[in-house]
Structure formats: structure tokens, C-alpha cells
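Just so we're aligned, residue 531 is where the sequence shown starts under this note's numbering, counting upward by one. Cβ coordinates follow ideal geometry from the N, Cα and C atoms, glycine included. Computed from a predicted model, the values in this text were never measured in an experiment. Report on the structure given below.
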Amino acid sequence: MEGTGDSLPRGAAAEASPAGGGDPGVLAPLKGDSEELKQGSVLFLGGNEVKSSAVVKYSSAPPQAAFSRLQEKTDLKLPPANWLRESAKLGPAGTTILGNSKKSKPFSSFGMAYDFIDSVGNDVDVVSDSENIKKLLKIPYSKSHVSMAVHRIGRTLLLDELDIQELFMRSSQTGDWTWLKEFYQRLIDQKWQRKKKSKEHWYQKAILSKFLYYSINGDGAAQPVPSTAEQHHEDPAPDESDEAGRASWPAPFEMPSSVSEDPGSSNQGLKNDFVRNILWTFEDIHMLVGSNMPIFGGGRYPAVSLRLRDNNKPINVLTGIDYWLDNLICNVPELVMCFHVNGIVQKYEMIKTEDIPNLENSNFSTKVIKDIAQNILSFLKSNCTKEGHTYWLFKASGSDIVKLYDLTTLCEETEDKYQNPFTMPVAILLYKVACNMMMKKNQNKKYYGTIRTLLLNCVKLLDKARHPQIIASANYMLSELFQLDEPKKEGAEFPLNGNSDESYSEEEEEMPDSDENGSYSTSSDPPDDNKAVAVIKSVGELSVPEKYKSIHQIRPSCAFPVCHDTEERCRLVLSYVLEGLKSVDSSIKKDGDLPAANPNTPIPLKYEDESTSGGPECLEKQMALFLDKMGSFQKDKHSSQSGMIPGSWQYKMKLQLILKSSKAYYVLSDAAMSLQKYGRALRYIKLALQCHDTYCCLCTNMPAEVLLFLCQCLTLCGDIQLMLAQNANNRAAYLEEYNYQTKEDHEILHSLHRESSCQVFVWATDLSTDLECQLSVSCKCYEAANEILLFSNLKKQNPEQHIQVLKRMGNVRNEIGVFYMNQAAAVQTERVVIKSVSAIEQQLWKKSFSCFEEGIHNFESIDDSTNSALLLCNTGRLMRICAQAHCAAGGDFKREFSPEEALYYNKAIDYYLKALRSLGKREMHPAVWDSVNWELSTTYFTMATLQQDYAPLSRKAQEQIEKEVSEAMMKSLKYCDIDTESARQPLCQYRAATIHHRLASMYHSCLRNQVGDEHLRKQHRVLAELHYSKAVKLFQLLKDAPCELLRVQLERVAFAEFQMSSQNSSAGKLKTLSGALDILIKTQCAFQLIRKELLAEHEQINEDVKSNDEKTIPGESTSNLNKDEIIKLLGIFESRLSFLLLQSIKLLTSTKKKIGGSNEEEEVLKTNKQVYSLLLRATANKSVTLLARIEVILNLLEQLTQNSEADKMGIR
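In C-alpha cells:
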């Protein structure tokens, strides 16, 4: 033992400021209260050696009574008048406080743990009775036996006395623990027999009790009671005390059903019977300690402990440690010692707590006590690694070896693992700690690993048949740990940090030998050590600083299973849900596995014809039934088929589990949808809706969030059905995915069928092979979701959800409208014999129009102008299809543009204009704006073209038709944007050029056919010239329309020839001829483009011949040129060039004869003759290739160009 040098200095207690008046370090008296938690002041002791602080978490002691100093010669053998009676100073628990034995109850730590669940598993290292703590810290000094049960909950160890003698006495009466008795007798103490306590023990106990009662007596004088009473009180000792001891151990742990089925209830025999619960920090060890030590106060000594000592027996080290630790734990700064001889009071002595280690004959080192505490804690933490297991720390009397056994493992070798009475309290505590952690919403994520470990170990300990409620609840909590509705960043939420203190591996059963800390047995140990988990070979090792280091360092977070994808996470959730459902179902008394058929529910026939079961009309009826049922949820209605009672725990738990499974299936479906696995997605949403159906059957009042979730499920179901409709090519693969089912899904469905037929949503979740049906189902899903939002008043609380549903509804109605429109167009193209519009077409138009109209209404209700414009645009397209149908109906013979066509084209124009008004301006959505403009331009153009080509002369005058055509063409030009750079710009330019060409042709035709009004003729001539020149300019920009350019130029030449025919003067004719030749010269660029194309084609053919490429047949045209068209136009060009040259030669010759020509005219005449001659030779040779003919023309045009330029220079 250490000398006085190791004792605490007197001033050390001054580290803590005094809580009241008086000396530094002296604690103010604690006012006891049986109900409220009391926070005590903190007292630090130890200077450089040990630190200790204590906070009273709870005290049921009455206000501290001042102790009475007994007079000398008071005989403590005589009982005081108040002995073992209740007193105001003591409160109702007086007899227990002062008359208690030091014997711990076997589950005392559990009672404390239940009361201070916040501290367990996280902040506190040890929960135990102060007597057990003292016993452990005295191991190296004491020869007496130690027997304790150790349990691990998270990072917390629960220590309880395991009274082997008491246990085996019970074993002989009840038959439980027999396996432990046999093991104990076989390996540890082969000659075990119950050791009776000596008479001296009971004498000392009685005299202490009387001394304490005397000390609280008001006058301090002895007031003996009659001798009969004295005898009565002194004699009960051995038997009564034995009975009391036995009563403290609960009956074999078979709780009444009412208690065992309610995880929240406090358990029999697991009460927190301590007067004080103290949070004691000793160095770095945090302990929740129960203490019954009497504390007195008053006068100079506001808080003291009172001790009785036999003057003839000096205080030994064990007693000193006992007194010192008691005062540290209870934060008591002084000790009052009363000395007696044979029960006669001799004297009192006051000792400060920090002086106790220096008392004569009992001096000890506080530093060594600290090392012992740290070593024992490290040893236990290193070896008691499995939550839920009961460990047994045992040291035999007189032995130096401390052994640790895993009783759970030993018990499992017997037939009934539930023989271990600690199983149930441990399971309940694991459950309670997990529940408590789950409640802390703000911080629970970092404890998810701990919570999961606690719950898994809880479930592992319990018998499914005996404790279904706790198992169901634990599984539900396990499922709640996995977040289904959050972004999946598991790595960020749950660090991959391996096994922490709370999450140790199940495989850690076999530890490697460690010579460094000596915590594991070696071959030199006695033969029984192979059953021990760990061994301390000599108690002396505990005094060596840091001899035992915990291999399980406390880490801030714990390993949570990282789910690498959504499916894995949801599957884990569903596995826990299934276990929960099995527990609930097994606890319900049932007649059969499945309920009897409901006579009101028709049995669906799988072979029923799809045409009768899957049509939109059938869907309408199912929707009506569904919405009727949805309305009935508002009334109190309960239709469980398994016989569950509303309000029972089974009922509440099953509702929660079903809702959780529904959410898991929804997330799975959503994930499958994003992976484009639409068959799988439909299967999962079907399961989600079946879960929801069952929930609806059970629930008497649907919560708003559940209705909102149903709305989300139906919306997703609508999305899936729409995607299935749009991806009909993979239907076989989707069907295979849809029909696959896991065993887990099947079992969950089996549990659902116990409550409901799960048929309410069958209309929404069937996989149809009919496109129309799929689109209709999708639409009905959105309609149902919308109805739910409307009638449940969720629309206002969830505007975003409502907008999404309406947007989807508008979209699917557009899809259905397009589907019917395309069908109508297909019917129209197939119509050959019957020329009139069929009833089928008209029906399809009506359906399509109705869908577009409803879709437009949906989008307008949420101010979605862009989508409204798109649907208006589609309606315009439908009107054009209707117009085309009437166009085909007339036949080609004597065809005229009909009034029906005009009507539908004008309707189409109205819808396109509405679309533009909906958008407002191009900036709203440039792409949609440009698209609507193009469609509008096309409609005007088509209408004008048809009126021009099939003029309704039987109904209208030519002038009226020309006017309407002109107006329509100009409007088409207005909406044809040729300036904005885009992919559509060349198309717009081509359209504009074509319009100008058509208008020029029309005015040209009018001029030819018109007689009379000269003003009108002049106007037409100007307009024709204007539109021809604009058409040429636009066709020249395009670079890929040489034929069109050539045709326009040839028409311009024809127009010039027509003008020339009405001219009389030679000069006028010559001028017109010159202008016409200029037009032909300007066709040079068109011929160059044609030559380029022909050369490229020729080179390609040569390359193909060289490379013997079999894929391309030599001679096959790869260009976009229409050669027949070119040959035709070339023939016309040659004839017109020949005619113009001939006329020019004639006119120039005749002019020269009459008045004599100028040099310039002579040069022109010469050139024209030369070109004309070459042209005649070229056209005479019929065997020349097209390319050669083009080359000749280009050569001739080049000569004419040079001559024309020279002529112009001369004129200048």
C-alpha cells in the first residue's frame, strides 16, 4: 500500500467553488424529492492524482436530517423507540433507507437504465449499484469472491450482482439455471454448498440499524422499548433476511401477457429502488450509480456520512476504500465516525473525505484505485463485445484469477435458450434505448448504426411466439432507419468506417492471444479456461497503469450498411417489414391462412376477352367505383377480414408496416422507371397500390399525407402506363419483367390478402397490349390523382403536386388526341373505293378533338401557355386532316376546292392564331413560336395552292378566286420567316420563293387571258415582274434548287415573249428581245449547279467501279437531281434561246438594211449568228450526253455574257 505521500492534499477540494456557506469544498445540503430530478453541485477531488465529480440525477430521500450526537455510554444493543418505524424525517421509505442490507438486487442496473434511457448506449460507460462498483475496485485488496452479470448496450456496460448461492437455491426449487449449476459444480467449485452467514454478521447489521435510528432521534437519548418487542426485533435475522433476499430476485422471467406485450411498460422486478441515482465521473469514466447511503446534514456539517466502528477493530484498507468511494460517489465532503465497544458508544471523530486514504492502518493510493478502475473497464469493454449476451465475471474466494464467461453461449448449448432470466430485461432495454435514439430527430442519423445494432440484437434475443409486439415494432423501426424519400447519398450520410464500438462484427468470437494485456487465456491456464472468454491471471495486474487497453475505442459514429443503390435499400426495408407483418399476423387468432371469399366481390376471370374488359368504358366504371370507395374513407368504416380489432397494437402496427411497404414499392417503381424498366416499374407500383388498398380497408380515417402519397402513386402509375404505350416495341420484355415475383413480395402480398382482396386498383395496374387502353389507363390514373387532390382539399396545401398532375393530364390527353388523329389519317389513306368520309373517321375526329380540348383546358388552368399553344397547334393539324379527308372525297375528275375544305382550313387557321395569342411573343418559347408560324404559313399556302390548282369556278368568279389566292399567299408569306437563322430557314426561303413564283404565274396567266381594262393589265404586268424577280432572288440564295430557278427564268422569258407579241416597233421588240436574252444569260448559275452535281455523280460512279463496291450499282443516281426534269427544261431552254437568237438576228439585219447599224449592233449581230450556229449544230447531235449538253450551253452563255458586257461598255 502507498504511504501518506499518495493521499489527497487538504486544499484539493477547493477546486470546486462552495455551493453554500462554510468551508471551501463543503457541499450544500441536498433537498430530497421523490418526484423531481435534482442536479447536485460538482465536487472535484484529486489535484494531480484523481478527478471525481458527481451530479445527483434523482433523489427520493427526504430533506436531510441533522444527526444527533449520542451521549457517551449509550447502549446500542437496546432498540430505540422509533426503530424500523416510518418517520417524517425519513419519509415513507425510511425502513428501506436506513434498515437496508447492502445486498444488490439482480436487475438493479436495468431499473436505473430504464429511468435514464438517454444516458444508456452513448454517454455512460457503466450503470451499476455503488456496492458493485466498490466490490470491483477492491478486487486486488480483497480475498472474497466476486460474481457479477455484465451486459453491453452500445458503449454502456450494465453490472449486476449474480448471487450464485441465491441462484442455485432457486434452481433446486424451480428447475431453471440447472445448466449453470452443473457448469459451476463441474468446472469451478466441485464441492459447492450454500454458505450460511454467521451470527456475528446479523449482530453487526442490527446494531448499525439501531445506531442510525438513534442518530435521527430528536433528543438523542436512548428510549428502549419493552423487552418482548426487543426480542421480536432482534430475532428475525437469518430467515426473514433470507426471504427478503430471495424476494429481490424476480420470479423466473415469465411476464404476464399484459406486461410483456407492451414494450413501454415497466417490468416486474425491474424497478429503480435506489434512494439516489448519481452520474459519477471518476477520471475519464462516466458511471450512472445507484446509492442508498444515508446522508445527514445540519449545523457546521451540511452533508456528512455516518459510520459505526468497533473501537477494538482497527480500520483496514477495504473499509477505508469503502468509506472513501461512498463519499466520492455521493459527493459528501466529510465522514463522521462513531466508535463503540460491545455496543456502548465511546466517542465521535470527524474525517474529511480527502483524508480517508491517509488513515492509520488503511492508507491506500488513490492513483492505484484509478488504475484499477480503468483496467477493469478496459478489460470488460474489450471482452464483453456482443450486445444481448449475458457475461459472468467471476472470482472465487481466495483466488487471484478473475474469469469472464459468456453465459448466453453456454446457455445456447442447452435445450432452452430462454432459461437465461436476463434475456428479457436485456431485450427490453435494447429496444428502449433504440426507441429513445429514434425519437431524437435532430441527431439520430449519426446513431443509425447503433440503433440498428441495438434492434437486431433485441430481435435476436426474443422468441417470436412470445413477444410478437416488440419484434414487430423493432422491425418497423429497422425499416424506418432507411430513408426512402431522400436523395441517395449513403456515403455522405453513413461513413464507411468499419466496426465501431457500437457495431462490432458477429465473427469476433475468437480473439487472437494477447500477451501484451494478458486478457486471454493461454495453454498454461487451468483446464476450465477453455470455456472462459477472457482471464485476468492475477489480480495484481489490475494495479499496473494501462495494463489492459480497450481494443474497442469509442468512435463518434458507427457503421451503417451502405446501400449502393435504391433497390438494395428498399429490399432491406421490405425484409424488415415482412418480419414485422409475420409477427403481427402470427399474434392474431385466425381460423385459416386466408379469409373466406367476399360474396360481394366478383372473382376476376383471367381468360376474359380484353376487348370487353380493357376498354375505356370499363375503365370509366372502375374509376367510378374507386372514387366512390375513396369517398367512403371519410366515414368510419373498418373492413379487416382477419379479425383485427381497431385500436389494438396489431391494428396500429400493421397499418404502419403496410404504409412503409407501400412507400418502399413506390421508390422501387420510381427507380425502375428512371432505368426505363417499365415492366418492373408497373409491377412495383401495382404492389404499392395493393398495399395502399389494404391500408384503406383497415384505416377508419385517412390522414392527409397518406392521401397525398396515394396521389403520388397514381401519378407514377400514369407515367408508367404512358411510357409503356410509347415503347410498344419492347412489350415482350416488359411483360416478362411484370410477371416476375420474388418470394418476399409473395409473402407480403399473402399478409395483405388477410385483410383485403387488393382489387381496387387493378384497373390501373394491369399490363395491356392495347395502345389505346394503355393511354386511357394513364389518363384515368391522372384523373383519379386529381380527384383525390380536389375532394380531400389537398389542392391548396400542395399546389405544386396539383400543377404536376394537371400538366401530366394535359400531356396524356394530347397523346390520346394525337393517337386518334393518326388513326383517322391512316383510315383516310386506306380509303380507295369509297370516296365519301366514313363514320369511323368522323368518330375518331370527335374523340381526338375532345382530348385536345380537355388538354388545352388543363394547361390553361395552370397558366401553361406554351403547352396550350402546342395543343392548339395539334388541333389545327386535326382540322387540316379533316380538310384533306374532304379533299380526297371529291375524286380527281373535275375536282374543285370544296366549301368543307375551306371551312376546315379556316378552322385550322383560327387554332394556329389562338396558339400565337397564347404564346404572346416569340421570347416566351422561340421554338414553339416558330413552329406555329410555320404551320400557319403552310395552312395558308396549302389553301391558296388548292384554290389555285382546283379553282371552284362553279361557285365563284375567276377574279374572286384570284383575289382570295393572292390574299392567302400574302398571309402565308407574312408567317414565313426568311430572315431568322435557324434549321428551318432554307425551307422558309424555298416556301417564299415558291409563293412568289406561283403569284407571278397567276398574274402572268391573268394577263394572257384578260381583255379590256388596260389599267388592270398594267397592274398585273407589274405584279408579275415583281414576283418573278423576288422568286429568282430567293431561288438563287438556296443553291440546291437549280431546276426551280431555271423554270422561273424560262417563265420570265415566256412573259417577255408574250409582251413582245403585242409590240409593233422594231426598237421596242429589240429591247424586249435583249431583256429576254439577258434573263437566259442569268440562268448560267443554275446550269453551273447542275453541272457540279452531275460531275460529282460521275466521279462517284468511277470510284465505285474502281473499288468494285458491290453495295452501289454503277450508274445508279446518288444526287438529288431529277434528270428527266433537267432534260425537259434543257429542251425548252435550247428552243427559247434558238428562237430569241433568230428573232434578234432578223430584227438586227432588217434595221441595218433600213438605216444602217452602228458598230455595236454589228458586233451583237455577229456574236448572235455565231452562237445560233453553234446551238443548231449542238442540238442536231442527238447522241451527246446530258453533261456535254450542259457544257455547250454554259460555253454559249459565256460568249453571250462577254458580248453583252462589251455592248454595255460601248453604250456607256
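For residue i and residue j, which I take to be in contact (beta-carbon distance under 8 Å), what is that distance rounded to the nearest angstrom?
i	j	result
ILE737	LEU606	5 Å
MET642	VAL656	With a Cβ gap of about 11 Å, MET642 and VAL656 do not count as contacting.
LEU1576	ALA1616	5 Å
ILE1611	THR1731	5 Å
TYR1350	SER1378	4 Å
Quick one: what's got a C-beta closer than 6 Å to residue i's C-beta in the same chain, skipping five residues either side?
i	result
TYR977	MET967
VAL834	PHE826, GLU864 and VAL866
TYR488	Residue 488 falls outside the range modelled here, since the chain spans only 531 to 1742, and no answer is possible.
TYR1480	ARG1425, GLU1426 and PHE1427
ASN1698	LEU1671, SER1674 and ILE1675
GLU890	none
Suppose you measure from the CA of residue i to the CA of residue j; what does that come to, to the nearest Å?
i	j	result
SER598	LYS727	32 Å
LYS1653	GLN1579	18 Å
LYS665	LYS735	19 Å
TYR714	LYS1061	11 Å
PRO593	LEU836	16 Å
LEU1706	SER1668	8 Å
TYR961	LYS1067	36 Å
GLY684	ILE981	9 Å
LEU1237	ILE1318	7 Å
LEU1677	SER1596	7 Å
ALA1314	SER1322	12 Å
GLU1039	GLU1071	Residue placement at GLU1039 is poorly supported in this model, since its pLDDT is 34, which falls under 50; the coordinates still yield a value, given next. Each residue's alpha carbon lies about 24 Å from the other.
LYS1563	ASN1388	46 Å
GLU1076	LEU1011	38 Å
LYS1216	LEU1252	15 Å
CYS1100	LEU1324	28 Å
LEU984	SER660	26 Å
THR1766	THR1602	The displayed coordinates of the chain run from 531 to 1742. Any statement about residue 1766 would go beyond what the structure contains.
GLU1627	VAL1348	41 Å
Quick one: using the 10 Å Cβ neighbour count with 16 as the cut-off for buried, is residue i buried or exposed?
i	result
TYR921	buried
LYS740	buried
ASP1394	buried
MET1454	exposed
LEU1726	buried
GLY1661	exposed
PRO887	buried
GLU1267	buried
GLY1177	exposed
ASN861	buried
HIS919	buried
ASP1200	buried
Give me, in chain order, the residues of the same chain whose beta-carbon lies closer than 7 Å to that of residue i; leave out the 5 immediate sequence neighbours on both sides.
i	result
SER892	ILE845, ASN846, VAL847, THR849 and GLY850
ALA1202	ARG1210, ALA1211 and TYR1214
TRP1459	LEU1449 and ARG1452
LYS1599	MET1590, GLN1593 and LEU1677
VAL1069	ILE669, PRO670, ASP930 and VAL932
PHE1565	ALA1523, ALA1571, GLU1574, LEU1575 and VAL1578
HIS675	LYS925, ALA926 and SER927
Under 8 Å Cβ to Cβ from residue i, same chain only, skipping five residues before and after it: list those, please.
i	result
CYS1288	GLN1220, ASP1223, THR1224, LEU1279 and LEU1282
ILE874	LYS603, THR604, ASP605 and LEU606
LEU1625	LEU1717
Distance cutoff 9 Å, beta carbons only. Does residue i sit that close to anything in chain D?
i	result
ILE1631	Considering every chain present, this structure includes no chain D. It has just one protein chain.
At which residue ranges does the region 1222-1280 contain complete alpha helix (DSSP H) runs of 4 or more residues, listed in the order of the chain? Counting whole runs of 4 or more residues, the region 1222-1280 contains the alpha helix (DSSP H) stretches 1234-1256 and 1261-1269.
Start-end ranges of the beta strand (DSSP E) lying completely within the region 580-605, minimum 3 residues: Counting whole runs of 3 or more residues, the region 580-605 contains the beta strand (DSSP E) stretches 582-589.
What are the uninterrupted segments assigned as alpha helix (DSSP H) that are 4 or more residues long and contained completely in the region 1645-1713, given in chain order? 1653-1685 and 1689-1710, all fully within the region 1645-1713.
My parser needs the beta strand (DSSP E) runs of 3 or more residues fully inside the region 1361-1388; what are they? If one requires a minimum length of 3 residues, no beta strand (DSSP E) run lies completely within the region 1361-1388.
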